[in-house]
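Asks: In terms of our numbering, the sequence shown is residues 7 to 257. Below is the structure I would like to discuss, written out as structure tokens.
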Amino acid sequence: MDKTIHFRIRRQDNPRSAPYWQEFQIPYRPEHNVVSALMEIRENPVTTQGEKVEPVAWESNCMEEVCGSCTMLINGKPRQACSTLVDTLTEPIVLEPLTKFPVVRDLMVDRQAMFESLKKVKAWIDIDGSWNVHTGGPRISPQEWEENYIYSRCMTCGCCMEACPQFGPSYPFVGPATLAQVRLMNAHPTGKYFRADRLHAIMGEGGLSDCGNAQNCVEVCPKDIPLTTAIGELGRQTTIQMLKDLFGPGR
Ligand code: SF4
Ligand code: SF4
Ligand code: FES
């Protein structure tokens with residue numbers, strides 16, 4: 007038999023049904039990534055036992071590791087299917103949905119919990135439209151810009167949330183990606199006006215103190231976001247905020 011690529015895929019028909027496994031083999035081609043291999047399986051969804059089945063469902067969009075939608079467990083590690091080359095993986099290649107978010111179908115999960123956490127901490131900059139387009143808004147130094155840019159690369163893929171032992175459906179923790187966005191928004195010259203609101207949001211249950219400092223998050227982030235550095239900085243910011251709350255005006 008010609009060389010093939012062997013996949014073992016965890017399937018689930020709907021959010022309430024039981025998961026099950028199916029195996030597929032496709033002809034070997036160099037430079038297949040996991041998404042292109044899944045596309046090939048979709049063209050002819052027949053298992054290695056010869057059973058014709060429903061095509062595997064997954065999400066993908068940008069195909070260049072920018073949108074985060076194709077994130078899944080690949081051989082047990084959370085990563086992007088579009089940028090994971092099949093040639094770098096041991097076989098059978100095991101594909102599973104992320105475990106910290108509810109399964110929608112097969113490899114598709116609902117990451118709404120991440121977006122709810124971002125809403126909880128006001129992870130945005132309020133623009134009041136008062137900046138004149140010619141004079142521009144407040145200046146940001148190249149050093150600050152460079153430091154902040156790293157955090158702005160977050161694509162809400164959920165890898166860090168998957169790896170974090172404190173994050174999950176039964177825990178209130180907002181998770182490392184959300185905390186990193188608090189660090190980013192608080193550093194912005196306009197965003198800082200809501201710094202106290204963001205800090206208060208992470209000073210209670212589900213906030214900063216829920217982090218057990220296991221450092222798993224920073225190891226899996228595909229964008230090399232210094233999550234634990236952000237968590238350390240927020241520790242200092244929340245301490246100052248606590249003192250302000252006790253002895254002075256809130257902001
Ligand atoms: S350092 Fe904190 S946020 Fe990161 S994985 Fe550990 S517990 Fe989770
Ligand atoms: S911080 Fe990194 S791992 Fe976490 S969601 Fe953002 S890009 Fe993904
Ligand atoms: S398809 Fe966008 S990150 Fe993979």
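Don't be surprised by glycine CBs; every beta carbon is placed ideally from N, CA and C.
1. Let me check understanding here. Comparing Cα to Cα, which of P103, C163, R189 and R22 lies closest to Y155?
2. Using the beta-carbon count (16 or more within 10 Å), is T94 buried or exposed?
3. By DSSP's criteria, Q31 is part of a beta bridge. Which residues make up the other side?
4. Is there at least one non-hydrogen atom of ligand 2 closer than 6 angstroms to the beta-carbon of M161?
5. State the start and end residues of the unbroken alpha helix (DSSP H) segment that holds C209.
6. Taking 8 angstroms as the threshold, find out whether the segment 78-96 comes into contact with the segment 49-56 through three or more Cβ pairs.
7. Using the Cβ count rule (16 or more neighbours within 10 Å means buried), how would you classify M248?
8. Looking at the secondary structure, which residues open and close the alpha helix (DSSP H) in which P228 lies?
9. If you follow the beta strand (DSSP E) that K83 is part of, which residue opens it and which one closes it?
10. Which residues does DSSP list as the beta-bridge partners of N39?
11. Look at the alpha carbon of R159 and the alpha carbon of A186, and state the distance between them as a whole number of angstroms.
12. Does DSSP put R22 in a helix, a strand or coil?
13. Name the two residues that bound the continuous beta strand (DSSP E) containing I156.
14. Pick from M78, A193 and G142: whose alpha carbon is nearest that of A63?
15. What is the residue span of the alpha helix (DSSP H) that D189 lies within?
16. So, are the CB atoms of R14 and V100 less than 7 angstroms apart?
17. Who are the near neighbours of C217 in its chain, counting only those whose CB is closer than 7 angstroms to its CB and skipping five residues on each side?
18. Go ahead and pull the three-state DSSP assignment for R257.
19. Mapping DSSP to helix, strand and coil, what is M48?
20. Tell whether a beta-carbon distance below 7 angstroms holds between V115 and T184.
21. When you compare only the Cα positions, how much space is there between P61 and V41?
22. Quick check on DSSP: helix, strand or coil for T77?
23. For L113, is the classification buried or exposed, using 16 other Cβ atoms within 10 angstroms of its Cβ as the cut-off for buried?
24. Mind checking T10: buried by the 16 CB within 10 Å criterion, or exposed?
Replies: Straight from the coordinates:
1. Of the candidates P103, C163, R189 and R22, the one whose C-alpha sits nearest the C-alpha of Y155 is R189.
2. exposed
3. H12
4. yes
5. Inspection of the sequence shows that residue 209 is occupied by Met rather than by Cys. It spans R201 to M209 - the alpha helix (DSSP H) in which M209 sits, taken as one unbroken run.
6. no
7. Exposed: under 16 other Cβ atoms inside 10 Å.
8. Note, P228: premise wrong, no alpha helix (DSSP H); not H, not E.
9. K83 to Q86
10. L91
11. Straight-line Cα distance between these residues: approximately 11 angstroms.
12. coil
13. Premise fails: I156 lies in the alpha helix (DSSP H), P148 to S158, not in any beta strand (DSSP E).
14. M78
15. Reading off the sequence, residue 189 comes out as Arg, not Asp. Where R189 is concerned, the enclosing alpha helix (DSSP H) stretches over P182 to A193.
16. yes
17. Hits under 7 angstroms: Q172 and I237.
18. Any reading at R257 is ruled out, since the residue's pLDDT is 48, under 50, leaving its predicted position unreliable.
19. First, the residue type needs correcting, since residue 48 is Arg and not Met in the sequence shown. Reduced to three states, the DSSP call for R48 is helix.
20. no
21. 13 angstroms
22. strand
23. buried
24. exposed
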